[in-house]
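Everything in the sequence shown is counted per full-length UniProt numbering, starting at 1 for the first residue and increasing by one. Backbone N, C-alpha and C fix where the C-beta goes; we use that ideal spot for every residue, glycine too. Being a predicted model, the structure only gives us computed values, none of them experimental. Below is one structure, written out as structure tokens; comments come after it.
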Amino acid sequence: MSLPFLPGNSFDRKIGQTKHHLSHHFDKYNGVNMMVGEKKPGVGGEPLRGQDLRSLNSVYPRGEGSDKPAWVAFDKQVLCFDAYFQESVVERHGEQFRIRYVKIFFYLEDDTIQVTEPRTKNAGYNQGTIINRHRIPRPAPYDDTFYTIEDFNVQKEVTFYGKKFKITNCDSFTANFLTKIGVRVSDPVEAPTDPYKGLREVQDGSQNPLRPYERVDTLKQFLDHDRQVLRFTCIWDDRDTKFGELRRFRLHYYLADDTIEIIEIRPPNSGRDSTATFLSRQKLPMEIVQMGKPGDKPTRTVLNVIGNFFDGGRYILDNLKTGAMNISYYKDSDLMIGRVVNVFGRKILLTDSDEFTKEFYRNKYGIDNFASVQYDSGNAMRKIERMNPPYNGFGSEEDSLASCQKMLPEPPRKDFVKWMAYDRNGLESNTLRFLARILTKDPIQADRRFIISYFLSDDSVMVHEPPVRNSGIGGGRFLERGRVKKPGQPPYSTKLPEYYNYKDMFVGNVLQLNNFHFVLYDADEYCYKFMEKNPNMFQYSNLTNALRKFRSLNKSELVAELEANFKKNDNFNSGVIGFTGFFSALKNVFGDQLNEQEIVTLARAFSLETKKEYDFQSISAVVQEHLRKNNFELFSRLRESLQEADSFNPEEQSLSLNDTRSVLKGFRIPLPDYLLDMLLQYTRLESGNTCLRNLMTTLNWKENPVVPPKEPLDSLRADDSKIFEVSTLERQQLRVNYSALISELNAN
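What follows is the structure, given as structure tokens:
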């Protein structure tokens, strides 16, 4: 009995409701308006009256654990059932139906089902996946719902698209899962046997031999010797035939399956095809075997066939292998150095092997003699030298030759390795500078002095004439930098011309540069030191070679004469004379047998003076003097820029050498390049970076002034012409200990 509809007796069901949305009940499919909200809730998610509330998915009992959705909680969890179904067979003698065994997979995450049939031998029909994975609807009249987990259990029957499957068993995971959700799993039942399958087993069993077939087990050999290959070098001497030649090969014997592969070693420009495989990998017969017909080499031989298989017929196999072809193949025991291998009629001689092959035969067969087979290579093809065309006069000789060597002309390649080794690097200029004069009878031209610079990076030569006041000659660049050809070469030759190189650069040599004959009579200190540090390149600066040549020329009767010439210039009989007296004494005794470079090398080796080295204080004083004269005071901004560099290390207070040089160049610091390189060299740490603290202390002449040294630092550039005046003056003032030289000669 309901209450009367009076005030106070009715209740508003919407009180406290927070959801007021409407479900989507209507939609359009293929242009047709349809109602799709039969099972959708009403306003705010409340079910409608008379609405079917049955769940379309599997419902699991609530237990302890997280509230994860099914597609997360049951991900990759599958129930597996064993089942079978009966399929009728029409119009086939001896078979009215067949039993097919399947596996039913139920995926818990989305209630999808998949049915697969294990493959059997000679089934006669398609097997594998019978029903692809998807949700399967129940049969009518419940075809609006899908199969869920409640429909599966042992001894149950399920119908998928008209096929009735009887579940006979399940795996342990499936049984445990069904038990946990409250389902009692029935006992497994045995599936019926397929009558036709039993008939086939009887027929196949009657064909088995009384004794087993020969079993060849190759798995053990493969597992023991996989990736192990015996390698032999071999030759095929086919020079007895017309147009035959001596060909070289590599023979690979694979221990895993006793197969042989032969690869040809082709020399360049052999004229043969690009395919180098002479014999593809296969078993190599020891004798030539005729090409057989199909069926000549079967794995089994059938002796007789009796009756029809459907009437109990059978066939008999030949266990004795009567009439089988016996083919002998090469084994590892047949391959030895010095043996001949018959490769389908071609006699291949094994000449040598690698270390692995030798060790294999030493361990397995006890062979210790692995002497290589020496063979006569015969009349080897003489390498034809390429004949270069003569110089055509366009560009340089290298450009002309490069245009003839390739279809598309390319510029000649320079020696990049040599350029990297001898290019200017900091204080190492790798440039040899000599003082030269012109050999001429004209007194005006004879008084001219030139600086010849030789660059080791590309063998180029540059000639510069220092200007002299009131000489009537302007001076300047006499010859631009470039390689200079040696005289006496034909202008249009097929060979590349020879250029002056480092072997031609020594004091006393005469260079012909554009029809001018220059004699090198002096060099700077850097040039002398570089040549003495590299005696293998400069033979006349090699002290060992100079002493050896000196001893070969110094006969016993000349020792007294040489010592007498030395003492003529030694007024105090001190055993020491100047360079001029030392030079004139050697020239008076030996003449032109010793050149000037060798005399300078001996004088520098036995001199008493040593070249003074400048300390860091002297360099700092010169650097601050340059900055003071140019009023450079941007030290704070310079420090900030150095600290903002990419390679700045705040812990070590250092940065890379290249970044330091770039920042200093950006501030236009008034220091010449040679002095800047010297400063960076002295402020370098062991790691190769520049110490910022030492660098700024040296540059800041206002806060950290340095007292200049008593002896001023020679701040001349290495390419300044005045440096030769200093070098020549020092060499003229050189004091040579000739007594030590005489003692060295007498000791040997």
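Supposed contact pair residue j and residue i - C-beta distance, whole angstroms, cut 8 angstroms
i	j	result
F152	I167	7 angstroms
M286	S328	5 angstroms
S620	T698	5 angstroms
D257	R247	No, D257 and R247 are not in contact; Cβ-Cβ is about 27 angstroms, not under 8 angstroms.
P670	L627	6 angstroms
residue 750	L676	Lying before the first or after the last residue shown, residue 750 is absent from the chain, which here runs from 1 to 748.
Burial state of residue i, where buried means 16 or more other Cβ atoms lie within 10 Å
i	result
T440	exposed
R413	exposed
M462	buried
Y142	exposed
Q489	exposed
R604	buried
C234	buried
V289	exposed
Y161	exposed
D273	exposed
Q624	buried
P712	With a pLDDT of 47 at P712, under the threshold of 50, the predicted position of this residue should be treated as unreliable, and no value is reported.
M291	exposed
F394	exposed
D111	buried
T129	exposed
K19	exposed
C170	buried
Contact check, residue i vs residue j, beta carbons under 7 angstroms
i	j	result
F165	F85	yes
L79	T174	yes
V507	Q593	no
L679	L642	no
E563	I742	yes
L608	N737	yes
L178	V185	yes
V484	Y500	yes
R433	C527	yes
L48	F74	no
L350	I367	no
K297	M325	yes
S552	T601	no
Residue i - DSSP class collapsed to helix/strand/coil
i	result
S721	Below a pLDDT of 50, predicted positions are generally treated as unreliable, and S721, at 48, falls in that range; the measurement from the model is reported next regardless. Reduced to three states, the DSSP call for S721 is coil.
G205	helix
T697	helix
P139	coil
F146	strand
A123	coil
N737	strand
V32	strand
F160	strand
T179	helix
Q114	strand
E87	strand
residue 794	Because the chain is modelled from 1 through 748, residue 794 falls outside the range shown and cannot be assessed.
I367	coil
T174	helix
Y133	Per the sequence shown, residue 133 should be read as Arg rather than Tyr. Three-state DSSP puts R133 in a strand.
residue 764	Any answer about residue 764 is impossible in this case: the structure gives the chain only from 1 up to 748.
T468	In the sequence as displayed, the identity of residue 468 is Val instead of Thr. Residue state, collapsed to three classes: coil.
T544	helix
E711	Because E711 carries a pLDDT of 48, less than 50, the predicted location of this residue cannot be relied on, and the following value inherits that uncertainty. It is coil, neither helix nor strand.
L745	helix
I99	strand
A523	strand
D27	strand
Y196	helix
E625	helix
R477	strand
S620	helix
F152	coil
Cβ-heavy atom distance, residue i to the ligand GDP, below 6 angstroms
i	result
Y375	Looking at this structure, you won't find the ligand GDP or any other ligand, since it has none at all.
> Enumerated in chain order, which unbroken segments of the alpha helix (DSSP H) with a length of 4 residues or greater are wholly contained in the segment 401–465?
Replying inline: 416–422, 443–446
> At what residue ranges does the UniProt domain "DM10" (226–365) contain a whole run of the beta strand (DSSP E), taking only runs of 3 or more?
Replying inline: 229–237, 246–254, 259–265, 277–282, 302–306, 314–317, 340–343, 346–353
> Unbroken beta strand (DSSP E) runs of length 3 or more, entirely within the segment 554–602: which are they?
Replying inline: 576–578
> Which whole runs of the alpha helix (DSSP H) in the segment 636–683 are 4 residues long or more, in chain order?
Replying inline: 657–666, 673–682
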